[in-house]
Amino acid sequence: MSISTSGFRSWKRGNAIWNSFVFASSFLFERSMLVINDFVVSLTGKNAFFPNKPDSFHVGCAAYARAATALRLSLLAIAGWKSLFFLYLCETVWSIPPHPASAMFVTNHPSSSG
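Written out as structure tokens, the structure is:
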């Protein structure tokens, strides 16, 4: 199941405000699920979203997930949950409406014509 596909299926033709809300909420939810997936991969050593990939892929994926999880837990211990929330917002807020850069994610067009 694709979170993005589910979000786009909820769009309503000609309803920009609704579509902006759907895109923003599905984008934020997808990013949250990626953090949870990192945690699961760090524990299991396998990424269930890619069952047919070779073991070398899963080794690299697990190493990244463990490093990311260790960093997040360190930030949580040192600076509290607000530090993680701040990083989450920094990663996502510029990508959702009404920020102009969000158009690149919806239309797949670059921000310049050159």
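One point on numbering: in UniProt numbering, the residue at position 72 of the sequence shown is 72, and numbering is uninterrupted.
Just so you know, even glycine gets a beta-carbon here, dropped at the ideal spot from N, CA and C.
Asked: Alpha helix (DSSP H) segment containing G60, residue limits; Found: D55 to A79
Asked: Buried or exposed (CB count within 10 angstroms, at least 16 for buried), N47; Found: buried
Asked: Local Cβ density within 10 Å of I17, reported as buried at 16 or more and exposed below that; Found: exposed
Asked: Distance between F57 and F85 (C-alpha atoms, nearest Å); Found: 29 angstroms
Asked: Reduced DSSP secondary structure (H/G/I, E/B, other) of W94; Found: helix
Asked: V59 to G45 span [Cα, whole Å]; Found: 7 angstroms
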